[in-house]
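Line by line, the protein sequences are chains A and B.
Note that our numbering has the first sequence beginning at 1, numbered continuously upward.
Note that our numbering has the second sequence beginning at 1001, numbered continuously upward.
For reference, the structure discussed in these notes is given below.
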Amino acid sequence: MPVTAGTVIVALALLPLARWVVLGYTGAWGPNPAEFLARSSGTWTLAFLALTLTMSPLHRLSGWTQPIAWRRTLGLACFFYACLHALCWAWFDQGFEAATMLADLATRPFIALGMLAFAILCAMALTSSRNAKRKLGKRWKTLHRGIYGVALLVVLHYLWHKAGKNDFSEAGPWSVLLLVLLGFRLLPAAWMRRIRGAG
Amino acid sequence: MKSTTLSCLARERVLGREPRASEVTAQEVWAARRRSLEALGALATLGTAPLRTVAALRAAPSGAPGALGTAPPGVAGVAAGLTAGLTAGLGANGVSAASLRAPPGTGLARLEAAPSASSTIEKPTAHQDVTTYNNFYEFGTDKEDPALYAKSLRTRPWSVRVEGEVARPQTFDIEQLLKLAPLEERIYRMRCVEGWSMVIPWIGYPLSEVLRRVEPRSQAKFVEFVTLADRQQMPGLRSSVIQWPYTEGLRIDEAMHPLTLMCVGLYGEVLANQNGAPVRLVVPWKYGFKSAKSLVSIRLVEKQPLTSWMRSAPQEYGFFSNVNPEVAHPRWSQATERRIGEDGLLSRKRKTLMFNGYAEQVATLYAGMDLRKFY
């Protein structure tokens, strides 16, 4: 099997998962493993979301076409860690109890925001195949612009979570990064061409 | 092999000989082993049928925390055996030495303390967890920060000013405080407002011992506690999480309650810096943040003091902050908690007890009060 850029991305995307397994075997999940896994999976969701959002500006700035091909795999990696992140909440924190989960969604707005972002990601992941793209036609593009909404919701989710302690040392830089990546979308195409030309 | 060590320990206790340090190091070993086992269990489960395993674990709950004097929860393994053995040994001959010791190598001075009838017989949280998973914002807001950065705290010289509505205001030197009253080991449950808990073998004596020496006047209705705030020693003060110095408060009857501890040590040693060295408050029926660390001042006052958390988020934190499963924090439920190092990833979170299980001792303090209003 030839080693394509796609397989390399998949392999890299699985590294954080492998790290958890190694840390688990060595008993290094810390005093509160539930908290460690929930936070770590959240961080990796953010990382892959940022990478996904980097691909389109990279394409427009460089003119390379490969980033557009990598975008889907990176988006699916983001979805994968988002699944684990949501699972940590539903399983370790809520014990899969429907009533408790609903109450939690109602009382903690940051949880509700995260869940809304996850719902959008689910819809995008389910329609990520070429087949679905063909079938949905124009609507596919509209749906997949949902990634911008996901990014905004995730920023709010993270900042709100940290607001209790007034601690934005990590949530702050992540939010700035995501907002800058979103900001690229607002730049007129002409600017992009000029930047590319100057480069 | 293990059982031989245990019976040796028990015999040595009866004979009054201190166990060798090497025999007590088991603490760290079983803490690490337990974590690995939990991790392995979790991984195996992830690979098979998660839902069925969760159901099975639920069918065999790990045991709710008992109130004082009730039977220990369904504990198993070397850890519980060792703890139970040591406690039983102590009970038998009343040796005046702390029953639980930190592993060697902490570099902290030993403290001798008598066992106390107020101690819970639940399994104490591993020393490793008690000293590395802390909230002490003066050294950073992450749980690991205090253990990493509290080395810069200088605990000598140290003194605590006790003043306000008192007949004899005094400044106590730390050496004086260490000898002020007979030291007791008090194994208390500790419930953090964030939804996790520990069982900690504190060393200290009732705060009332200090308060009665300064002779409170009748106007002294509340007590205010102030933590050190020194930018040179405390890197966390650069952030504006809350207003420094950290300030806490109790009503005078709460402060005089026999469970309220002036604490100078844990696990048979003086307090590690990250645990609030050299002297802190411990109020076991309230959320952990009420137990102010590294105290420099205790003021008896007439008006209810404004605590740091009330100032920073009044809608979230009240003056009393009694552990209460029925009153939710505005952003999360307080009905359940996870016992650090004990409740595995897959075990159901345990139910939080009213007044953290100390209702029998403290409920009368709040008779007739609406605890929803006075949260």
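Glycine residues also receive a C-beta, built at the ideal position from the N, C-alpha and C atoms.
These figures come from a predicted structure and were not determined experimentally.
At a cut-off of 8 Å, the C-beta of B:D1370 has no neighbouring C-beta in chain A. Annotation for B:T1125: M1198, V1199, I1340 and G1341 place their beta carbon closer than 6 Å to its own, counting only its chain and skipping 5 residues before and after. By alpha-carbon distance to B:M1262, the top candidate from B:T1352, B:V1362 and B:L1295 is B:L1295. With 16 or more other Cβ atoms inside 10 Å of its own Cβ, B:F1225 counts as buried. A:F80 does not reach chain B, its nearest Cβ partner there being about 14 Å away, counting only Cβ pairs nearer than 7 Å. Taking all protein chains in view, the Cβ of B:Q1334 is crowded by 16 or more other Cβ atoms within 10 Å, so the residue is classified as buried. For B:S1297, the enclosing beta strand (DSSP E) starts and ends at L1295 to V1301. The beta carbon of B:L1266 sits closer than 7 Å to those of V1130, I1200, P1201, W1202, I1203 and N1275, all from its chain and outside the five residues before and after it, given in chain order. Interface criterion met: the Cβ of B:L1345 is under 8 Å from a Cβ in chain A.
Here the alpha carbons of A:W174 and A:G63 stand approximately 26 Å from one another.
B:L1250: member of the beta strand (DSSP E) spanning T1247 to R1251, first to last residue. B:D1145 counts as buried, since at least 16 other C-beta atoms from the protein chains shown sit within 10 angstroms of its C-beta. Our two residues, B:L1259 and B:Y1188, have alpha carbons roughly 9 Å apart in a direct line. Nearest to A:S40 by alpha-carbon distance, out of A:L74, A:L181 and A:G24, is A:G24. Under DSSP, the beta-bridge partners assigned to B:T1171 are B:R1161.
Rounded to whole angstroms, B:S1099 and B:G1268 show a C-alpha spacing of 8 Å. Contact between A:T54 and A:L181 holds, with the beta-carbon distance rounding to 6 Å and staying under 8 Å. A:H85 places its beta carbon 8 Å or farther from that of A:G146. Annotation for A:E35: the continuous alpha helix (DSSP H) segment containing it runs P33 to S62. For B:G1265, the uninterrupted beta strand (DSSP E) segment begins and ends at L1261 to L1266. Residues of the same chain with a CB within less than 6 Å of the CB of A:P16, apart from the 5 flanking positions on each side, are W44 in chain order. B:P1206: member of the beta strand (DSSP E) spanning W1196 to P1206, first to last residue.
Cβ-Cβ separation between B:P1245 and B:L1228: approximately 7 Å, consistent with a contact (criterion under 8 Å). Rounded to whole angstroms, B:R1238 and B:S1119 show a C-alpha spacing of 38 Å. The C-alpha of A:L153 is placed about 11 Å away from the C-alpha of A:I111.
Beta-bridge partners of B:P1216 (DSSP): B:V1166. The C-beta of B:S1240 comes closer than 8 Å to at least one C-beta of chain A. Inclusion of B:V1323 and B:W1285 in the CB contact set at 8 Å is warranted, their separation being smaller than that value. With fewer than 16 other beta carbons inside 10 angstroms of its own, B:Q1315 counts as exposed. B:F1222 sits in a strand when the DSSP states are folded into three classes. Of all residues in the stretch 1124 to 1141 of chain B, the ones placed with a Cβ closer than 7 Å to any Cβ belonging to chain A are D1129, T1132, Y1133 and T1141, in chain order. Residues of the stretch 23 to 34 of chain A whose Cβ lies closer than 9 Å to any Cβ of chain B, in chain order: L23, G24, Y25, T26, G27, A28, W29, G30, P31, N32, P33 and A34. A:E97 and B:A1277 have their C-alpha atoms roughly 41 Å apart. Taking all protein chains in view, the Cβ of B:S1321 is crowded by 16 or more other Cβ atoms within 10 Å, so the residue is classified as buried.
Here the alpha carbon of A:R196 sits roughly 5 Å from the alpha carbon of A:L61. Within chain B, the residues whose beta carbon sits less than 7 Å from that of A:G164 are R1331, listed in sequence order.
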